[in-house]
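**Q**
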Amino acid sequence: MKFNGKQLPLLWPTNLLDFLKLQNIQVDRVAVELNGKIIPRESFFNTILKDSDTIEIVCFVGGG
Amino acid sequence: MTVYLNGMPKNISEKTLFSAFPKKENTIVILNGFQISDDTELKENDEIYIIEKGVLPCRNQLEAMMSARHTPKIHKILKNSKVAVAGLGGLGSNIAVCLSRIGVGNLFLVDFDIVEPSNLNRQCYYIKHIGMPKTEALKGQLEEINPFINISSKNIKVTKENVKELFEGFDIICEAFDNPEAKAEFLISAKTYFPDTKIVCASGMAGYGSSNDIKTEKKMKNVYVCGDFETGAKPGTGLMAPRVMICAGHQANMILRLLIGINEV
């Protein structure tokens, strides 16, 4: 799988929510693009990742 | 040949700038967006501005003189462009000032908050604005910076429910919120409704770390993020004018580049 431009082996099928948690990403501060499409937050749990997927995320910190 | 003097076409037979327009005391001469003091050969369609120092010109001359420092051709593109700025704090207020100065013709400003004393350490407001809605306080300033652009605003809290109606029809949408959850939710909604619109966001500009850690990166299709991506505001690491303004400058410059058709960061 390609994650933010880097290859990352996907060892077993996992849903997007678990994947983000495993990467220590705060789910309410992230926007996820999977294979060029933005994924609504409500669909994170039901989105199953495949080894051929490309994920781009933007994870925000506070301030402005 | 034809050249443009203070925005008006002029036929001249002279070959150099100062033979056509003799240099006078107390004037500034700008040729094609660049101030010069030595005589220079002229070419067809050159844009020349001769500005008398300290004199307030009439309104239609003022616009031509203000655009003297704009790069020719680019100004026309900017004047026809539409940019929305969501959030008018340290980022949004400074971004809007930059975009007004370069002559972005249509600006839409959105915020729900009023100006508070604690905003003045980094946001583009004055003591006299305290208690005013940020939309109103900023619009007033921008009209004084550049009266030749259209500025509209809405005093409203942006939610995922109103993103579609608020931000329809812009060339660029700029995310300039403070709260990380609001930033993420806005990017998700804006990208869902407007997948083909360029969105310029910010993440990580608190504290007084190196200026050079703040950068611009393309993160997804049509999404650009500015900041150091890690330094969030928290107790002990406040938001301070220099880094917030550096980040705002990154966002404003990326918006400028995108408007003139450059997609690389």
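Chains A and B are the protein sequences, given in the same order. Read left to right, the first sequence gives residues 2 to 65 (the numbering used here). Read left to right, the second sequence gives residues 34 to 298 (the numbering used here). Even for Gly, the Cβ is constructed at its ideal location relative to N, Cα and C.
1) Which residues in chain B sit within 7 Å of residue 39 of chain A, going by Cβ to Cβ distance?
2) Listed from N- to C-terminal order along the chain, which residues in the region 2-31 of chain A have their beta-carbon within a distance smaller than 7 Å of any beta-carbon of chain B?
3) Report the residues of the region 46-61 of chain A with a CB closer than 7 Å to any CB of chain B, ordered along the chain.
4) Determine, for residue 129 of chain B, whether the minimum Cβ-Cβ distance to residues of chain A falls below 9 Å.
5) What residue does the alpha helix (DSSP H) around residue 157 of chain B start on, and which one ends it?
6) How many whole angstroms separate the CB atoms of residue 61 of chain A and residue 42 of chain A, which I take to be in contact at a CB cut-off of 8 Å?
7) Quick check on this structure: which residue in B:138, B:144, B:188 has the alpha carbon closest to the alpha carbon of residue 112 of chain B?
8) Among B:224, B:44, B:57, B:65, which has the Cα closest to the Cα of residue 34 of chain A?
9) Quick one, which of B:221, B:204, B:134 has its alpha-carbon nearest residue 178 of chain B's?
10) Using 8 Å as the cut-off, can you tell me whether the region 136-150 of chain B makes contact with the region 112-125 of chain B, which would need three or more C-beta pairs spanning the two stretches below that distance?
11) At 7 Å on the CB atoms, spell out the chain A contacts of residue 212 of chain B, in chain order.
12) Assuming residue 209 of chain B and residue 120 of chain B are in contact, meaning their beta carbons sit under 8 Å apart, how far apart are those beta carbons, in whole angstroms?
13) Taking CB distances under 9 Å as the criterion, tell me whether residue 122 of chain B reaches chain A.
14) Buried or exposed for residue 98 of chain B, going by 16 or more other Cβ atoms inside 10 Å?
15) Within a Cβ cutoff of 6 Å, which residues of the same chain sit near residue 44 of chain B, ignoring the five residues on either side of it in sequence?
16) Tell me the rounded alpha-carbon separation between residue 61 of chain B and residue 232 of chain B.
17) The alpha helix (DSSP H) spanning residue 20 of chain A covers which residue range?
18) Roughly how many whole angstroms lie between the Cα atoms of residue 180 of chain B and residue 131 of chain B?
19) Hey, which unbroken runs of the beta strand (DSSP E) at 3 residues or more fall wholly within the region 167-214 of chain B?
20) Please go through the same chain and pick out, in chain order, the residues whose beta-carbon is closer than 8 Å to the beta-carbon of residue 3 of chain A, but skip the five residues on each side of it.
21) Which residues in chain B have a C-beta closer than 8 Å to the C-beta of residue 43 of chain A? List them in chain order.
22) Exposed or buried, residue 261 of chain B, counting other C-beta atoms within 10 Å across all chains shown (16 or more means buried)?
23) Within a Cβ cutoff of 6 Å, which residues of the same chain sit near residue 47 of chain B, ignoring the five residues on either side of it in sequence?
24) Does any residue of chain A bring its CB to less than 9 Å from the CB of residue 228 of chain B?
25) Tell me the residue span of the beta strand (DSSP E) that contains residue 141 of chain B.
26) So is residue 237 of chain B buried or exposed if we call it buried at 16+ other beta carbons inside 10 Å?
27) Using DSSP bridges, identify the partner residues of residue 65 of chain A.
28) Is the CB of residue 151 of chain B under 9 Å away from at least one CB in chain A?
29) Alpha carbon to alpha carbon, how far is residue 287 of chain B from residue 16 of chain A?
30) Can you tell me whether DSSP reads residue 68 of chain B as helix, strand or coil?
31) With DSSP run on the structure shown, which of helix, strand or coil describes residue 241 of chain B?
32) I believe residue 183 of chain B touches residue 168 of chain B by the beta-carbon criterion, under 8 Å. Please report the beta-carbon distance rounded to the nearest angstrom.
33) Which residue or residues does DSSP assign as beta-bridge partners of residue 35 of chain B?
34) Rounded to whole angstroms, what's the CA-CA distance from residue 273 of chain B to residue 151 of chain B? Just pull it up for me.
35) Let me check understanding here. Comparing Cα to Cα, which of B:159, B:142, B:143 lies closest to residue 149 of chain B?
**A** Taking the structure as given:
1) Translated into the one-based positions of the first sequence, residue 39 of chain A becomes position 38. Residues of chain B passing the Cβ test: 221, 224, 225.
2) 29, 30, 31
3) 57, 59, 61
4) Translated into positions along the second sequence, residue 129 of chain B becomes position 96. Not closer than 9 Å to any Cβ of chain A, the Cβ of residue 129 of chain B fails to qualify, so no.
5) By 1-based counting over the second sequence, the position of residue 157 of chain B is 124. Neither: residue 157 of chain B is in no alpha helix (DSSP H) and is coded neither H nor E.
6) The residue you call residue 61 of chain A lines up with position 60 of the first sequence. The residue you call residue 42 of chain A lines up with position 41 of the first sequence. Residue 61 of chain A to residue 42 of chain A, Cβ: 13 Å. No contact.
7) Counting from 1 along the second sequence, the entry for residue 112 of chain B is found at position 79. With distances taken between Cα atoms, residue 112 of chain B lies closest to B:138.
8) Residue 34 of chain A sits at position 33 when you count from the first residue of the first sequence. Comparing Cα positions, the closest option is B:224.
9) For the purposes of this step, residue 178 of chain B is identified with residue 145 of the second sequence, where counting begins at 1. Minimum Cα distance to residue 178 of chain B is reached at B:134.
10) yes
11) Position 179 of the second sequence, counting from 1, holds the residue named residue 212 of chain B. Simply 63.
12) Locating residue 209 of chain B in the second sequence gives position 176, counting from the first residue. Locating residue 120 of chain B in the second sequence gives position 87, counting from the first residue. Contact holds; Cβ gap of about 4 Å.
13) Here residue 122 of chain B refers to the residue found at position 89 when the second sequence is read from its first residue. Judged by the 9 Å Cβ criterion, residue 122 of chain B is in contact with chain A.
14) Reading the second sequence from its first residue, position 65 is the one you call residue 98 of chain B. The residue in question, residue 98 of chain B, is buried, as its Cβ has 16 or more Cβ neighbours within 10 Å.
15) Translated into the one-based positions of the second sequence, residue 44 of chain B becomes position 11. Excluding positions up to five away in sequence, the list reads 35.
16) For the purposes of this step, residue 61 of chain B is identified with residue 28 of the second sequence, where counting begins at 1. For the purposes of this step, residue 232 of chain B is identified with residue 199 of the second sequence, where counting begins at 1. C-alpha separation (whole angstroms): 38 Å.
17) Along the first sequence, one-based indexing puts residue 20 of chain A at 19. 17-23 is the span of the alpha helix (DSSP H), which, as asked, contains residue 20 of chain A.
18) Locating residue 180 of chain B in the second sequence gives position 147, counting from the first residue. Locating residue 131 of chain B in the second sequence gives position 98, counting from the first residue. Using only the alpha carbons, I get a separation of about 14 Å.
19) 183-188, 205-208
20) Position 2 of the first sequence, counting from 1, holds the residue named residue 3 of chain A. Once the five neighbours on either side are set aside, the close Cβ partners of residue 3 of chain A are 9, 54, 55, 56.
21) Within the first sequence, residue 43 of chain A is the residue found at index 42, counting from 1. Within 8 Å Cβ-Cβ: nothing; residue 43 of chain A doesn't reach chain B, min ~10 Å.
22) For the purposes of this step, residue 261 of chain B is identified with residue 228 of the second sequence, where counting begins at 1. With 16 or more neighbouring CB atoms inside 10 Å of its own CB, residue 261 of chain B falls in the buried class.
23) By one-based count along the second sequence, residue 47 of chain B stands at place 14. So the list reads 53, once near-sequence residues are dropped.
24) Against the second sequence, residue 228 of chain B aligns to sequence position 195. Residue 228 of chain B counts as touching chain A.
25) On the second sequence, residue 141 of chain B is found 108 positions in, with the first residue counted as 1. Here the beta strand (DSSP E) through residue 141 of chain B covers 139-144.
26) If you number the second sequence from 1, residue 237 of chain B lands on position 204. Looking at its Cβ environment, which holds 16 or more other Cβ atoms inside 10 Å, residue 237 of chain B is buried.
27) As a position in the first sequence, residue 65 of chain A is number 64, starting the count at 1. Its beta-bridge partners do not exist; DSSP assigns none.
28) For the purposes of this step, residue 151 of chain B is taken as residue 118 along the second sequence, with counting starting at 1. Residue-level contact by beta carbon fails for residue 151 of chain B and chain A, as no gap is shorter than 9 Å.
29) By 1-based counting over the second sequence, the position of residue 287 of chain B is 254. By 1-based counting over the first sequence, the position of residue 16 of chain A is 15. Looking at the two C-alpha atoms, the distance is approximately 34 Å.
30) Position 35 of the second sequence, counted from the first residue, corresponds to residue 68 of chain B. The DSSP-derived three-state label of residue 68 of chain B is strand.
31) Here residue 241 of chain B refers to the residue found at position 208 when the second sequence is read from its first residue. Residue 241 of chain B: coil per DSSP, three-state reduction.
32) Taking the second sequence and counting its residues from 1, one reaches residue 183 of chain B at position 150. Taking the second sequence and counting its residues from 1, one reaches residue 168 of chain B at position 135. About 15 Å separates the two Cβ atoms, so there is no contact after all.
33) The count along the second sequence starts at 1 and reaches residue 35 of chain B at position 2. B:44, per the DSSP bridge assignment.
34) As a first step, residue 273 of chain B is located in the second sequence; it is residue number 240 there, counting from the start. As a first step, residue 151 of chain B is located in the second sequence; it is residue number 118 there, counting from the start. Going from the Cα of residue 273 of chain B to the Cα of residue 151 of chain B covers about 11 Å.
35) Numbered from its first residue, the second sequence carries residue 149 of chain B at position 116. It is B:159 whose Cα lies nearest to the Cα of residue 149 of chain B.
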